[in-house]
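Going down the list, the protein sequences come from chains A and B. Just so you know, my numbering puts 26 at position 26 of the first sequence, and the rest follows in order with no gaps. Residues are numbered in my numbering as their position in the second sequence, beginning at 1, plus a constant of 1000. Note that beta-carbon positions come from the ideal geometry of N, C-alpha and C, so glycine has one too. Given the structure is predicted, the values throughout are model-derived calculations rather than measurements.
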Amino acid sequence: MPHFERLYNFACWLTHDRQEAEDLVQETYAKALKGFSSFRPGTNFRAWIYKILRNAFLTSRTGLKTSATVPLDLEGEEEALPTDKETPESILLQRSDNQLVQHALDELPVAYREILLLCEVEEMSYQEISATLAIPMGTVMSRLSRARKALRGSLQPQFAKRMN
Amino acid sequence: MVCESWKSQLDTYLDAEVPEQQMRTFDAHVRSCPSCSADALARVQMKRTIQAAGRRFTPSAEFRKRMQQKIAPKPQRSFGLRWMLAATAAIILVAGSLTSAYLGSRPGRDQVFSEIADLHVATLASSSPVDVISTDRHTVKPWFQGKIPFAFNLPELQNSGFTLLGGRMAYLEQTPGAHLIYDVRKHHISVFVFQERSLPAKLNENSLSPKQLPFNLETWSQGGLRYFLIGDASAADINNLAKLFKAAS
């Protein structure tokens, strides 16, 4: 089962529920097997199967709820985030731990969470992310940049608390 | 202020997404600028932290098993489960130990084929499908020396329409083997070679592609080695490549 563990990890991050993630992975493989003829050899298999999972998520109960409450297209949204200069990340990260970052990722809007996971955890290229999320390359770059800023913005108060 | 334009692209640079020539300029700048190099280091740390934190959930053994059972090709798809069980029971009564041996080997065989299909798909999906790149068999074959516990011959491809793209190590049931990738009319064919005795299931001579697999597959045993050829190329192409291998071995 190619990418099984990683798809499950990604599904858990999207759904925040292990049972729902299992259903999502199961649905993904069922759809992938059924529609394997639609996969063009030579194109990116990983992006193809992640796209199936993400589409299945978006049509699931949790996915519909998420997209109803959080706009997926956040490109126009300018958030008042702390700039990089205010607190050096290096100091923050020396005190970082997995739990804090996991909590911060959990709290991010799903559109930011998924793009960060695809880039940093799955190590997908911008082109692969573009194919998976069905968004233009320019949007990949701007959304990724905003997601990183949002994560830093969310981590800074946590680290500030620890430093005091 | 001078560094603002660099810093605005620092994440893209660290994601290795700036053009190659610009990458070199960036490298040179980051090495010589203490501010950008400190910033780059911090961002790399952040990337690593997210990566570690992001690998958080692991599927349970029970779920994995359930999925494998669902995905593994079923022996008689057109029959209902009850019919299958009834038929199996009847056959066991009639054929006794011979049938038991067959039933014991078939799921193992199908699982091996599924794993071969997985290895083929996962390799083609990889950004670096081969570890040794060559169109020359004399470069690829020596690369496997010392990496796998057996030797094998590669066929001469002149005027055959096949091109050897390269090779890599493959593991089937923790057993090392050779994985070669050939190209024929833009279709990729994987050739796997393993030691017959180290494979978990008994595979019939010249077993052909199970219908449940979305690929054409051919397998045979020769000189203590088990060969698998799999790909989306036509059955005739796979058969032709198999003939070349059989002649070379």
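Start and end residues, beta strand (DSSP E) containing Thr-1058 of chain B: For the purposes of this step, residue 1058 of chain B is taken as the residue at position 58 of the second sequence. No beta strand (DSSP E) contains Thr-1058 of chain B, which DSSP labels as neither H nor E.
Determine, using beta carbons only, whether Gln-1009 of chain B comes closer than 7 Å to chain A. Walking along the second sequence from the start, residue 1009 of chain B turns up at place 9. No - not a single Cβ of chain A is within 7 Å of the one on Gln-1009 of chain B.
Rounded separation between Glu-128 of chain A and Phe-1113 of chain B - CA only: Against the first sequence, residue 128 of chain A aligns to sequence position 128. Against the second sequence, residue 1113 of chain B aligns to sequence position 113. If I take the Cα positions, the gap works out to 29 Å.
Going by CA-CA distance only, name the one from A:Leu-116, A:Thr-62, A:Ser-142 and A:Gln-26 that's closest to Gln-1069 of chain B. Numbered from 1 along the second sequence, position 69 holds the residue referred to as residue 1069 of chain B. Among A:Leu-116, A:Thr-62, A:Ser-142 and A:Gln-26, the Cα nearest to that of Gln-1069 of chain B belongs to A:Gln-26.
Roughly how many angstroms separate the alpha carbons of Gly-1146 of chain B and Pro-1176 of chain B, rounded to a whole number? Here residue 1146 of chain B refers to the residue found at position 146 of the second sequence. Here residue 1176 of chain B refers to the residue found at position 176 of the second sequence. Cα to Cα, Gly-1146 of chain B sits roughly 11 Å from Pro-1176 of chain B.
Can you pull the DSSP bridge partners for Gln-1222 of chain B? Position 222 of the second sequence holds residue 1222 of chain B. DSSP, once it has assigned bridges, lists B:Leu-1225 as partnering Gln-1222 of chain B.
Does chain B have any CB closer than 7 Å to the CB of Leu-117 of chain A? Stepping through the first sequence from its first residue, residue 117 of chain A is reached at position 117. Judged by the 7 Å Cβ criterion, Leu-117 of chain A is in contact with chain B.
Excluding the 5 residues flanking Arg-1043 of chain B on each side, which residues of the same chain have their C-beta closer than 8 Å to its C-beta? Counted from its first residue, the second sequence places residue 1043 of chain B at position 43. Taken in chain order, the residues that qualify are Leu-1010, Asp-1011 and Leu-1014.
Consider the Cβ of Pro-2 of chain A: report whether some Cβ of chain B lies at a distance smaller than 7 Å. The residue labelled residue 2 of chain A in the question sits at position 2 within the first sequence. Chain B contact via Cβ: present.
Indicate the three-state DSSP secondary structure (helix, strand or coil) for His-16 of chain A in the structure shown. Counting from one through the first sequence, the residue named residue 16 of chain A turns up at place 16. Residue state, collapsed to three classes: coil.
In the DSSP assignment, the alpha helix (DSSP H) including Val-101 of chain A goes from what residue to what residue? Looking up residue 101 of chain A in the first sequence gives position 101. Unbroken alpha helix (DSSP H) run through Val-101 of chain A: 98-107.
Within a Cβ cutoff of 8 Å, which residues of the same chain sit near Ser-1008 of chain B, ignoring the five residues on either side of it in sequence? Position 8 of the second sequence, counted from the start, is the residue given in the question as residue 1008 of chain B. If we look at Ser-1008 of chain B and ignore the five residues flanking it on each side, it has no Cβ neighbours.
For Arg-46 of chain A and chain B, any beta-carbon pair shorter than 7 Å? Within the first sequence, residue 46 of chain A is the residue found at index 46, counting from 1. Yes, Arg-46 of chain A counts as interfacial toward chain B.
Which of helix, strand or coil does DSSP assign to His-1029 of chain B? Working through the second sequence from its first residue, we reach residue 1029 of chain B at position 29. Helix at His-1029 of chain B.
Residue(s) in a DSSP beta bridge with Arg-1024 of chain B: Stepping through the second sequence from its first residue, residue 1024 of chain B is reached at position 24. According to DSSP, Arg-1024 of chain B bridges with nothing at all.
Give a single yes or no on whether Arg-1185 of chain B has its beta carbon closer than 6 Å to a heavy atom of the ligand GDP. The ligand GDP is absent from the structure shown, which contains no ligand whatsoever.
Count the other C-beta atoms from every protein chain shown that fall within 10 angstroms of the C-beta of Met-1046 of chain B, then say buried if there are 16 or more, exposed otherwise. Counting from one through the second sequence, the residue named residue 1046 of chain B turns up at place 46. Met-1046 of chain B should be labelled buried.
What is the DSSP secondary structure of Arg-1168 of chain B, counted as helix, strand or coil? Here residue 1168 of chain B refers to the residue found at position 168 when the second sequence is read from its first residue. Three-state result, Arg-1168 of chain B: strand.
In the structure shown, what three-state DSSP assignment does Gln-156 of chain A receive? Position 156 of the first sequence, counted from the first residue, corresponds to residue 156 of chain A. Of the three classes helix, strand and coil, the one that applies to Gln-156 of chain A here is helix, per DSSP.
Excluding the 5 residues flanking Leu-144 of chain A on each side, which residues of the same chain have their C-beta closer than 7 Å to its C-beta? Indexing the first sequence from 1 puts residue 144 of chain A at position 144. So the list reads Ile-115 and Cys-119, once near-sequence residues are dropped.
What's the gap between the Cα of Gly-1231 of chain B and the Cα of Leu-1244 of chain B? Residue mapping note: residue 1231 of chain B aligns to position 231 of the second sequence, counting from 1. Residue mapping note: residue 1244 of chain B aligns to position 244 of the second sequence, counting from 1. Taking the straight line joining both Cα atoms gives about 16 Å.
Cβ neighbours of Leu-14 of chain A in the same chain (closer than 6 Å, five flanking residues each side left out): As a first step, residue 14 of chain A is located in the first sequence; it is residue number 14 there, counting from the start. Hits under 6 Å: Phe-57.
Is there a Cβ of chain B sitting closer than 7 Å to that of Val-121 of chain A, yes or no? Locating residue 121 of chain A in the first sequence gives position 121, counting from the first residue. Val-121 of chain A counts as touching chain B.
Please list the partners that Arg-148 of chain A has in chain B, where partner means a Cβ-to-Cβ separation under 8 Å. Walking along the first sequence from the start, residue 148 of chain A turns up at place 148. Result: Asp-1011 and Met-1046.
Return the residues of the segment 16-29 of chain A that lie within a Cβ-Cβ distance of less than 8 Å from chain B, sorted by chain order. Arg-18, Ala-21, Glu-22, Val-25, Gln-26 and Tyr-29
Looking at the unbroken alpha helix (DSSP H) that takes in Arg-1148 of chain B, where does it start and where does it end? As a position in the second sequence, residue 1148 of chain B is number 148, starting the count at 1. For clarity, residue 1148 of chain B is Ile in the given sequence; the question names Arg instead. From DSSP, Ile-1148 of chain B is part of no alpha helix (DSSP H); its letter is neither H nor E.
Going by DSSP, which residues form a beta bridge with Gly-1231 of chain B? As a working note, residue 1231 of chain B is residue 231 in the second sequence. Gly-1231 of chain B pairs with B:Ile-1189 and B:Asn-1216.
Taking buried to mean at least 16 other C-beta atoms within 10 Å of its own C-beta, is Ala-1247 of chain B buried or exposed? Here residue 1247 of chain B refers to the residue found at position 247 when the second sequence is read from its first residue. Ala-1247 of chain B should be labelled exposed.
CB contact check: Asn-9 of chain A to chain B, cutoff 7 Å: Reading the first sequence from its first residue, position 9 is the one you call residue 9 of chain A. Asn-9 of chain A counts as touching chain B.
Does the beta carbon of Gln-102 of chain A sit closer than 7 Å to a beta carbon anywhere in chain B? Residue 102 of chain A sits at position 102 when you count from the first residue of the first sequence. It does; some Cβ of chain B falls within 7 Å.
Are there 16 or more other CB atoms within 10 angstroms of the CB of Pro-136 of chain A, so buried, or fewer, so exposed? Along the first sequence, one-based indexing puts residue 136 of chain A at 136. Its Cβ having fewer than 16 others within 10 Å, Pro-136 of chain A is exposed.
Report the residue from A:Asp-17, A:Met-1, A:Leu-7 and A:Leu-24 whose alpha carbon sits nearest the alpha carbon of Thr-59 of chain A. By 1-based counting over the first sequence, the position of residue 59 of chain A is 59. Selected option, being the one with the closest Cα: A:Leu-24.
Cβ contact check for the segment 1114-1133 of chain B and the segment 1148-1160 of chain B: 3 or more pairs under 8 Å: no
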